[in-house]
Amino acid sequence: MDQPRKHQVSLRGASAKEISRDALLEKVSHERELRSYARRANAAVLFIQRVWRRHSMTKKTALQLKEVWENSLSNHADLMTRDWVSSRLLRPFLFFISCLSVRNRNIQNGDVKCMQDCFKILLESMNSTDSRRNFCSLAVGTLEERRTWTYQAQKLISLCFFILAECAASHGRSQDFFVLTSLALRLVVILTDLKGWRSITENNFQDADVAVKNLVQFLGTRRSGLFVATRKYINKLNVPFSSKINSVNQTDYTFLITTTAITLALRPFHMKYVNSTGTFELDICHASEQYWSHVLTIPWLTQRVPPALLPALKHNSVLSSCFQILLISRDKILMEISDMDRLGNQCSSMVIPPVGWALANIICLVTGSESDSSGFNQDLDCASYVHVVITLAENFLPWIDNVGCKDHCNFDISAEPTGTIFHEDETICKSLKMSYMDLLRPVCQQWHLAKLLATSREVASAHGDKTLSTNNPNYLWKLELLDITYFYSQMLRIFKELNPAAGQLPILNMLAFTPGYLVSIWGVLESSLFPGNGHYAEDTCRGKGKVSGDSKDGFSEKKQKDASKDGVNKWVNVLHKFTGKSQAGSGHIDLVEGQPGTSEVSEDSSDVWDIETLRRGPQGISKEMSYLLHLFCATYSHLLLVLDDIEFYEKQVPFVLEQQRRIASMLNTLVYNGLSHSLDQENKPLMDYAIRCLHLMYERDCRHPFCPPLLWLSPGRRSRPSIALAARAHEFLSANMRTNDTLHVPSIGSVITTTQHVFPFEERVQMFREFVNMDKATRKMAGEVTGPGSRLIEIVVRRGHVVEDGFRQLNSLGARLKSSIHVSFVSECGLPEAGLDYGGLSKEFLTDISKAAFAPEYGLFSQTSTSDRLLIPNSAARHLENGIQMIEFLGRVVGKALYEGILLDYSFSHVFVQKLLGRYSFLDELSTLDPELYRNLMYVKHYDGDVKDLSLDFTVTEESFGKRHVIELKPGGKDISVTNENKMQYIHAMADYKLNRQILPFSNAFYRGLTDLIFPSWLKLFNASEFNQLLSGGNHDIDVEDLRNNTRYTGGYSAGSRTIRLFWEVFINVIKGFEPKERCMLLKFVTSCSRAPLLGFKYLQPTFTIHKVLPLLFGCMRCPSLGCNWRTGCGAASVCFYLLQYSEASDIQTSEHIKRETSLRNQFECRI
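Heads up, the sequence shown is in the numbering used here, so the first residue is 2 and it goes up one at a time.
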């Protein structure tokens, strides 16, 4: 059976082709749309015809009316009355001018003459004392006359400001246009100034005053066009720093027009109503909004306006009104300011936005020019000023963060209306930024901060020391320390972002050296972070305001406990997140259990330094505390750069040592927890300065301890990850994470490299060894190490030329030096040496080459003048043949020793190690390098007399190979004398040269060699002293039991052998009577290094071995230079592979005999 057909309906009979219902409906709809389109098209055509006919007829009528109007002016003197001016002069004039010029936004040359004639007649009428002839007398006439006059006056005002705008846009016009503009503005001045009305009597004075106030009110509206025209005109005036722009010629007319325009723009702020009930201020809300969006956002406003007009712009009535309106209608005004970007034809993300110019102009208007240090304007409300700047800065900073100012930006200084888009070269772009930064310089003056602090104290004494709420309507007119801190915190960010190189230095200098300010900030922080414990800060500033540690008032203690409980296991989740592994079951892993050193930390003593308020990092504190911390960290980190040890430890300024410990604990807890939790972009500036300040405090403590060790360990006690997990996560994240990801996920790598001190030193050494083991495993997977002896590097070294032969054969290997080295020694007689090889010949080679190359006699390194005689590169090494290359090779030698775990009995200067760790050295570190020079510089710093008497200049003299070299510390330094004004520059320039510039080529070379084998991130686990311990062993006493448990026995000996048991019994008893120095000598007797391995003898490379030998071998003594063996009556030591050769027939010697043998061997070794 056939399938049923679709429903079809035939509407045309049997003879027509059948069509479906849906198709018919679609066809009908299409035809309906066509008919509708045709109707709309016809209507549009008719509308266009009507508009065109109207335009044509209007233009024709305007031209005819203009011709009649011009003819009627021939005998106006006889006909001029106020009615004639209104009906015969103004009415047709306003019509044809609006049709021919205003609507077309262009003034023809022929219209200029008409406007001039009209304005002259109007001025003549308004200057008449006869009320019948004075046009202004219509304002006090009948109701109809008043309405007509008001309408015509407003149209005249709008026309006059249109002329002003055209004057700015058409700066190339003839002189007649400037005359017309001056006439137009003069007309507006008379219309809006009651004193210019000549026909007013006492009877109609109040009506005239109302009429004038209505016109002034109209000036402040958008319809008048006053502020738009003023902006366009002022924006075309010259900018002092650039002469490459098109600007209005500075003539007498220019000054007159500028003065009149500014006067009219400020007129709404000065007018008041006067009536029988009293005096009332004019409603200036609209005027203030227009003034904000169009005038205060003009780029370089105070530089473009003639200096004689600046007092009018700075008047308190203007600024105070603007401040109040902004704080009340903040969102509306800021929206209008942001809309200014869309008004111009040229817009770019690299333009300084209008809100940025408003910020700069307000600061200049309030504080005056940089040369004028008289302070704030008299009677200025400083509290409103601070809140206005904060409001503008809050809206400027997001633009900086999202767009920023690029070096290669395109700015056009004459672009309208938003400031600058230069189509110039990079030099002009930099000049723009420097010029803009100069506008903000007044906030870097100390009087500026002092005035704000004095005002806050006055406000506090007037209102009482009460906690203020932002919901309180009176809050805007109160000024607290917290407000001042927020002000400078915002300004600091702006300075830093616009000029990262040195922009923030002026403001940091001012903040750091303003007496009492830093102490006041810490007083607020201390009372909040250490409640109930008292604080040492002087309460120098009342009205400090209270800050809350938690971002939410109701934050429960349970959440903090849960966060602390889960803090350890979050590292597992983070690592699983990046590796893609499932997190199931990972919540039961205890990462802290079994960690070395963790159980040794007392919970009670550690909690003293673990600040509960900061356990969630910047995310867990209030906005107010965040600003306080940001400014405190930025200021104090800057002060620490110039604070010498005498001031810090002896004078204890600006804080006593107990306060310094609290500051260190605060920074330590904040940074550790900030890196442990996710960090957003808003908190990044705080973390940057907190990390910087923390490093300076920690490095100072490393040189001269002032904090207990538990303080640095306390934040990580609760949530420190295990060693293996931390090492693997650090390597994985370093290799796979993008830079931006570190802001959103907790990074173990960031914690380890930034706050490495929260891990005990022994744990960090284990991490280092874990890194090395992981690297070896990676190399093995890559095929670089496939089995014992693979990729072996074989070298032949002559005993008398260890450094030269090693440099020649190994220097070009680079990272391949990680492979095993097989060393064959050739004696001084030229014969190959033979002997036992337990893998220790490479260790002997490294020991010998470091001993020879690091000796001061070799010329590459010298020793510091301090008592510990640490190694520092010799400045004369650059003159040696291959001197820099040799130092780079020694970096690889040290890297090889660290990579293999071989101890070298040498320590480097703190300053030199700082360079290897990528850290800059500052003034107070000079005491560890050259104490005498440091004392001399401190003498200059604290010298009470005239430093010129010391006859110093900005040079330093060096001597090498008998020649003296004079080096300038700054360009032209030999001609610059050191004075009281520049002595700090001299001190820091000298310190910078000695600590950084002088050794930089050598440290860079050594660093290149060292990092061929040791990754830089591994080195950042340690400070300078810890690096030396990693290289040469720990300072702790020898653990004989640990040595016994990690000893290997060969040649027939075992741990249970009678001789071995007897040896250890006697050895332990004898060594107990040794002094620590003697035990170190004994250790050096068998290992060539006087210090024990940091993690115990388990990590001694090669392993300590006692080897059984025949008795007949004893009785002879062989020089170490021939076989590195030392044989005596009791045994022999082979220091190249930590081998003690011992015979069963050897008599057990007394302790005095062992001391004598050990001392003799060490003395002999020193002589050779």
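Where a beta carbon is used, it is the ideal one built from N, C-alpha and C, also for glycine.
Bear in mind that the values here come from a model prediction, so they are computed numbers and not experimental data.
Whole-number beta carbon distance between residue j and residue i, since they are thought to touch under 8 angstroms
| i | j | result |
| --- | --- | --- |
| alanine 169 | phenylalanine 120 | Rounded, the Cβ-Cβ distance is 19 angstroms, inconsistent with contact. |
| asparagine 684 | proline 619 | 4 angstroms |
| histidine 911 | arginine 704 | 7 angstroms |
| leucine 629 | leucine 519 | So it is not a contact: roughly 11 angstroms between Cβ atoms. |
| phenylalanine 97 | lysine 61 | Going by Cβ atoms, the distance from phenylalanine 97 to lysine 61 rounds to 11 angstroms, so no, they are not a contact pair. |
Simplified DSSP state of residue i, which is helix, strand or coil
| i | result |
| --- | --- |
| threonine 754 | helix |
| aspartate 993 | helix |
| threonine 59 | helix |
| leucine 1114 | Because leucine 1114 carries a pLDDT of 43, less than 50, the predicted location of this residue cannot be relied on, and the following value inherits that uncertainty. DSSP places leucine 1114 in helix when its eight states are reduced to three. |
| valine 967 | strand |
| proline 655 | coil |
| threonine 515 | coil |
| lysine 909 | According to the sequence shown, residue 909 is phenylalanine rather than lysine. Correct three-state label for phenylalanine 909: strand. |
| proline 709 | coil |
| leucine 1 | No information on residue 1 is available, as it lies outside the stretch 2 to 1169 that the chain covers here. |
| serine 978 | strand |
| proline 1094 | coil |
Residue i, buried or exposed, once every other Cβ within 10 Å from all chains shown has been counted against 16
| i | result |
| --- | --- |
| tryptophan 701 | Per the sequence shown, residue 701 should be read as arginine rather than tryptophan. It is buried - the Cβ of arginine 701 has at least 16 other Cβ atoms within 10 Å. |
| tyrosine 690 | buried |
| glutamine 379 | exposed |
| glutamate 625 | buried |
| histidine 1108 | buried |
| leucine 811 | buried |
| aspartate 131 | exposed |
| glutamine 1030 | buried |
| valine 967 | exposed |
| aspartate 976 | exposed |
Pairwise C-alpha distance: residue j and residue i
| i | j | result |
| --- | --- | --- |
| leucine 938 | isoleucine 724 | 44 angstroms |
| phenylalanine 397 | phenylalanine 514 | 27 angstroms |
| alanine 361 | leucine 311 | 15 angstroms |
| serine 277 | glutamine 207 | For serine 277, the predicted structure reports a pLDDT of 47, less than 50, and the residue's modelled location is therefore unreliable. A value from the coordinates is still provided. When rounded, the distance between both Cα atoms is 10 angstroms. |
| aspartate 332 | isoleucine 338 | 10 angstroms |
| threonine 1 | alanine 166 | In the structure as shown, the chain starts at 2 and stops at 1169, and residue 1 therefore has no counterpart that could be examined. |
| proline 655 | lysine 819 | 49 angstroms |
| serine 87 | glutamine 109 | 24 angstroms |
| arginine 936 | glutamate 651 | 15 angstroms |
| tyrosine 1100 | cysteine 830 | 36 angstroms |
| arginine 223 | alanine 288 | 9 angstroms |
| phenylalanine 1138 | phenylalanine 846 | Reliability fails at phenylalanine 1138, whose pLDDT of 45 lies under 50, so the model's placement of it is uncertain and the value that follows must be treated cautiously. Cα-Cα distance, rounded: 11 angstroms. |
| proline 399 | lysine 434 | 18 angstroms |
| alanine 45 | glutamate 34 | 16 angstroms |
| leucine 393 | valine 356 | 6 angstroms |
| leucine 712 | arginine 663 | 9 angstroms |
| asparagine 1046 | lysine 844 | 22 angstroms |
| aspartate 284 | valine 103 | 29 angstroms |
| leucine 320 | leucine 366 | 8 angstroms |
Cβ of residue i within 8 angstroms of any chain C Cβ
| i | result |
| --- | --- |
| glutamine 291 | Considering every chain present, this structure includes no chain C. It has just one protein chain. |
Exercise. Is the stretch 673-683 close to the stretch 614-626, with three or more CB pairs under 8 angstroms?
Worked result: yes
Problem set entry | Validate contact between the stretch 934-946 and the stretch 898-917 using beta carbons, cut 8 angstroms, 3 pairs | no
For this session: Assess, as a yes-or-no matter, whether the stretch 643-650 is touched by the stretch 520-527 under the definition of 3 or more beta carbon pairs within less than 8 angstroms.
Result: no
Problem set entry | Three or more C-beta pairs below 8 angstroms linking the stretch 252-265 and the stretch 303-314 | yes
Problem set entry | Three CB pairs or more closer than 8 angstroms across the stretch 137-145 and the stretch 67-82 | no
Problem set entry | Inter-stretch contact (C-beta, 8 angstroms, three-pair minimum) for the stretch 1016-1026 and the stretch 1043-1056 | no
For this session: Indicate whether the contact test is met: 3 or more Cβ pairs, each with one atom in the stretch 220-235 and one in the stretch 290-299, closer than 8 angstroms.
Result: yes
Exercise. Is it a yes or a no for the stretch 860-878 touching the stretch 974-993, going by three-plus beta-carbon pairs under 8 angstroms?
Worked result: no
Problem set entry | Stretch pair the stretch 178-198 + the stretch 152-165: three plus CB contacts closer than 8 angstroms | yes
Problem set entry | Any 3 or more C-beta pairs closer than 8 angstroms across the stretch 954-966 and the stretch 1026-1045 | no
Exercise. Any contact of the stretch 42-58 with the stretch 67-75, i.e. 3+ C-beta pairs under 8 angstroms?
Worked result: no
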